[in-house]
Ligand SMILES: NC(=O)c1ccc[n+]([C@@H]2O[C@H](COP(=O)([O-])OP(=O)(O)OC[C@H]3O[C@@H](n4cnc5c(N)ncnc54)[C@H](OP(=O)(O)O)[C@@H]3O)[C@@H](O)[C@H]2O)c1
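Residue numbers (my numbering), protein chains in the order written: chain G, 798 to 958; chain R, 1238 to 1569.
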């Protein structure tokens, strides 16, 4: 995964796609991280996959040659994500605690989105969990299952095709 | 081949109708003649050891007054007198005791009959025992119609995916829950409202728990796992989560990221689960209405996805009839 900074003008995304393709990378996801934006620039997180022969440093180098500002990158090429939805008394059972417990298990809660009815009623929360290892991600999901059981929340996982 | 049909409900009546309509085609194409010598209800049976007139009994206004009606005739008691090659078990599914289907199947095997069934109960509870019993008496139990109605799964794997290992099975195995979730998504309505509508339209039972709590899908998943994944398992081995708690808000949240909520049955890595899952819009699981879908992951043929009708009298009869013909052709 690489986070880059792009100026807020049209056609900027195209500048990153070509060098990635030339390095043999297959783009999995491009995520505009609005929370990280600075004025006039957009920060974009790119997840991609490639076979073992491709080195992340080479990929980063080719982006830099294109004049693209690299904010950060992780040495592992692949990111594993799973979107989940929780239904129930998500707030009265302390959603912050739920998120912190997951984050403490070493996986990232990449985004959170909620539909709140009344605080005391049943609400829904969507989360994207993310990790650079598939194993860690499944462990995180297992933990989430246990939390949901304890807090009596209804968990909807994604299916792997 | 001489058959006895146990049950005279939706599937059985469709089967008898199709048998009557297609008898010439069946004889011409496959060289077999299917003779129905008994049709059993709870309170008796139509019996004619020379073969019943199927049209007549389907259209009968008052079955008890029919000449061939035998009051209180019970399959388990008179099976031996029928001189029958195959019993077609079409009584209601029961996942607690699996009766009356279980006794019917055991009786049939005991008298040296092959068995064709659409009834999930006996296989969901006693798959290993029943198959062992069939092996001992050198007879076969075919059950294509038990899972995903009209979709050929067991026949597909048995006859056209020979030597493939089935790695996983995932699918939507219950049309009613798929209909309810599809309506909740398209109309943004709560579960209870859509359930009532489905009941009014006759798509859901008065007691909907069988469908919406995943009992039906779990029974089917057990049969799939035993038969295709060669995993000895039973109904109680399934982790089961129904769809009653799903809200329109959750569906909306899913939609925002390009997901649908579907009730999936999954057998993979030794784990059996029936639960709602997020599936990508445009994925093979994104089928709407009351359709069923099954995705097989195999070692040689790789992935195969089948979509079709999971229920309906004639649709289910199609699978039952194919099983009957497979057995008839073997005996020819
Ligand atoms: N309907 C579908 O679309 C569908 C699809 C796939 C699988 N199936 C399975 O196929 C089976 C039949 O379904 P269906 O919809 O046809 O059911 P149904 O309409 O409820 O008919 C059940 C029939 O079984 C008879 N029966 C009950 N107990 C009996 C007994 N002890 N001895 C003899 N007959 C008995 C009933 O007799 P009476 O006539 O005397 O009441 C009735 O005729 C079920 O196991 C179901 O799960 C159905």
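All C-beta atoms in this analysis are idealised placements derived from N, C-alpha and C, irrespective of residue type, glycine included.
Since the structure is predicted, the reported quantities are computational estimates derived from the model, not experimental observations.
- [ ] Check the DSSP bridge columns for residue 884/G and list the partner residues they point to.
- [x] Counting from 1 along the first chain, the entry for residue 884/G is found at position 87. In DSSP, residue 884/G forms a bridge with 921/G, 951/G.
Open item on the list: Please tell me whether, using a cut-off of 8 angstroms, the distance from the CB of residue 1264/R to the nearest non-hydrogen atom of ligand 1 is below it.
Closed with: The residue you call residue 1264/R lines up with position 27 of the second chain. Placement of the Cβ of residue 1264/R at a distance of 8 angstroms or more from every heavy atom of ligand 1 is found.
Open item on the list: For a test of the three-state rule: what should DSSP assign to residue 1528/R, helix, strand or coil?
Closed with: To locate residue 1528/R, count along the second chain from 1; it is residue 291. Residue 1528/R falls in the strand class under three-state DSSP.
Task: DSSP bridge partner residues for residue 1245/R (one or two, in chain order) - done: In the second chain, counting from the first residue as 1, residue 1245/R sits at position 8. Answer by DSSP bridge pairing: none, since residue 1245/R is not bridged.
- [ ] Return no unless some Cβ of chain R is closer than 9 angstroms to the Cβ of residue 933/G.
- [x] Taking the first residue of the first chain as 1, we reach residue 933/G at position 136. Residue 933/G does not count as touching chain R.
Open item on the list: For residue 1349/R, which residues in the same chain have their Cβ closer than 7 angstroms to its Cβ, ignoring the five residues on either side in sequence?
Closed with: Here residue 1349/R refers to the residue found at position 112 of the second chain. Hits under 7 angstroms: 1374, 1376.
Open item on the list: Is the beta carbon of residue 909/G closer than 9 angstroms to that of residue 843/G?
Closed with: To locate residue 843/G, count along the first chain from 1; it is residue 46. To locate residue 909/G, count along the first chain from 1; it is residue 112. With contacts defined as CB atoms closer than 9 angstroms, residue 843/G and residue 909/G fail to qualify as a contacting pair.
Task: residue 927/G - DSSP class collapsed to helix/strand/coil - done: On the first chain, position 130 is the one that residue 927/G refers to. The answer is strand: DSSP assigns residue 927/G an E or B state.
Task: Local Cβ density within 10 Å of residue 1394/R, reported as buried at 16 or more and exposed below that - done: By one-based count along the second chain, residue 1394/R stands at place 157. Counting Cβ neighbours within 10 Å, residue 1394/R comes out buried, since at least 16 surround it.
Task: Inter-residue spacing [alpha-carbon to alpha-carbon] between residue 1483/R and residue 1432/R - done: What you label residue 1483/R is simply residue 246 of the second chain in a count that begins at 1. What you label residue 1432/R is simply residue 195 of the second chain in a count that begins at 1. Computed Cα separation, rounded: 12 angstroms.
Open item on the list: Taking DSSP's pairing of strands, which residues face residue 910/G in a bridge?
Closed with: As a position in the first chain, residue 910/G is number 113, starting the count at 1. Answer by DSSP bridge pairing, in chain order: 923/G.
Open item on the list: Any heavy atom of ligand 1 inside 8 angstroms of the beta-carbon of residue 1552/R?
Closed with: Here residue 1552/R refers to the residue found at position 315 of the second chain. Checking the Cβ of residue 1552/R against ligand 1 gives yes.
- [ ] Can you give me, in chain order, the residues of the segment 1459 to 1491 of chain R that have a beta carbon less than 8 angstroms from any beta carbon in chain G?
- [x] 1478, 1482, 1483, 1484, 1486, 1487, 1489, 1490, 1491
Task: residue 1312/R - containing alpha helix (DSSP H), residue span - done: Here the question's residue 1312/R lines up with position 75 in the second chain. Bounds of the alpha helix (DSSP H) holding residue 1312/R are 1312 to 1315.
Open item on the list: ligand 1 and residue 1428/R: does the residue's C-beta get closer than 8 angstroms to at least one heavy atom of that ligand?
Closed with: Position 191 of the second chain, counting from 1, holds the residue named residue 1428/R. Every heavy atom of ligand 1 is 8 angstroms or more from the Cβ of residue 1428/R, so no.
Open item on the list: Any heavy atom of ligand 1 closer than 8 angstroms to the beta-carbon of residue 1545/R?
Closed with: Counted from its first residue, the second chain places residue 1545/R at position 308. Because no heavy atom of ligand 1 lies under 8 angstroms away, the Cβ of residue 1545/R does not count as near it: no.
Open item on the list: Three Cβ pairs or more, each shorter than 8 angstroms: is that satisfied between the segment 1250 to 1257 of chain R and the segment 909 to 924 of chain G?
Closed with: no
Task: CB-CB length for residue 1407/R against residue 881/G, believed under 8 angstroms - done: Indexing the second chain from 1 puts residue 1407/R at position 170. Indexing the first chain from 1 puts residue 881/G at position 84. Contact flag wrong, Cβ pair sits at about 18 angstroms.
Open item on the list: With H, G and I counted as helix, E and B as strand and the rest as coil, what does DSSP make of residue 1324/R?
Closed with: One-based indexing of the second chain puts residue 1324/R at position 87. Collapsing the DSSP output to three states places residue 1324/R in a strand.
Task: Inter-residue spacing [alpha-carbon to alpha-carbon] between residue 1385/R and residue 1401/R - done: For the purposes of this step, residue 1385/R is taken as the residue at position 148 of the second chain. For the purposes of this step, residue 1401/R is taken as the residue at position 164 of the second chain. Rounded to whole angstroms, residue 1385/R to residue 1401/R spans 21 angstroms at the Cα level.
Open item on the list: Alpha carbons only, please: which of 1313/R, 1488/R, 1436/R is nearest the one belonging to residue 1324/R?
Closed with: In the second chain, the residue the question calls residue 1324/R occupies position 87. For the residues 1313/R, 1488/R, 1436/R, the minimum Cα distance to residue 1324/R belongs to 1313/R.
Open item on the list: Which runs of the alpha helix (DSSP H) at least 4 residues long sit entirely within the segment 1361 to 1442 of chain R? Give them in chain order.
Closed with: 1412 to 1424, 1428 to 1437
TODO: Spell out whether any CB of chain R is found under 9 angstroms from the CB atom of residue 930/G.
DONE: Counting from 1 along the first chain, the entry for residue 930/G is found at position 133. Judged by the 9 angstroms Cβ criterion, residue 930/G is not in contact with chain R.
TODO: Helix, strand or coil for residue 1548/R, going by three-state DSSP, please let me know.
DONE: Translated into the one-based positions of the second chain, residue 1548/R becomes position 311. Looking at residue 1548/R - three-state DSSP - the assignment turns out to be coil, as it is neither helix nor strand.
Task: Neighbour list for residue 946/G in chain R, Cβ cutoff strictly below 9 angstroms - done: One-based indexing of the first chain puts residue 946/G at position 149. Going along chain R, no residue has its Cβ under 9 angstroms from residue 946/G, so there is no contact; the nearest lies around 11 angstroms.
Open item on the list: Does the CB of residue 1455/R have a neighbour CB from chain G at under 9 angstroms?
Closed with: As a working note, residue 1455/R is residue 218 in the second chain. Not flagged as an interface residue toward chain G: residue 1455/R, since no C-beta distance is shorter than 9 angstroms.
Open item on the list: Quick check on the DSSP output: the beta strand (DSSP E) that includes residue 861/G runs from which residue to which?
Closed with: Residue numbering aside, residue 861/G sits at position 64 when the first chain is read from its first letter. DSSP places residue 861/G outside any beta strand (DSSP E); the residue lies instead in the alpha helix (DSSP H), whose first and last residues are 853 to 862.
TODO: List the residues that DSSP assigns as beta-bridge partners of residue 1341/R.
DONE: As a first step, residue 1341/R is located in the second chain; it is residue number 104 there, counting from the start. According to DSSP, residue 1341/R bridges with nothing at all.
Task: Selection from 809/G, 891/G, 817/G that minimises the alpha carbon distance to residue 829/G - done: Taking the first chain and counting its residues from 1, the one referred to as residue 829/G is at position 32. The closest CA to that of residue 829/G, considering only 809/G, 891/G, 817/G, is found on 809/G.
Open item on the list: Quick check: does the Cβ of residue 1328/R come within less than 8 angstroms of any heavy atom belonging to ligand 1?
Closed with: Position 91 of the second chain holds residue 1328/R. Yes, the beta carbon of residue 1328/R sits closer than 8 angstroms to at least one heavy atom of ligand 1.
Task: Proximity to residue 1548/R [Cα-Cα], best of 1280/R, 1516/R, 1530/R - done: Along the second chain, read from residue 1 onward, the residue named residue 1548/R stands at position 311. Selected option, being the one with the closest Cα: 1530/R.
- [ ] Name, in chain order, the residues that DSSP records as bridge partners for residue 870/G.
- [x] For the purposes of this step, residue 870/G is taken as residue 73 along the first chain, with counting starting at 1. Paired residue(s): 799/G.
Task: Among 934/G, 945/G, 806/G, 903/G, nearest to residue 883/G - alpha-carbon criterion - done: On the first chain, position 86 is the one that residue 883/G refers to. Selected option, being the one with the closest Cα: 945/G.
Task: Residue range of the unbroken beta strand (DSSP E) whose run includes residue 1304/R - done: The residue given as residue 1304/R occupies position 67 in the second chain. Here residue 1304/R belongs to no beta strand (DSSP E), and DSSP marks it neither H nor E.
Task: Contact list for the segment 1521 to 1537 of chain R against chain G, Cβ threshold 9 angstroms - done: 1521, 1522, 1532
Task: residue 1497/R beta carbon less than 9 angstroms from that of residue 1223/R - done: Chain R is shown only over 1238 to 1569; residue 1223/R falls outside these bounds and no answer can be derived.
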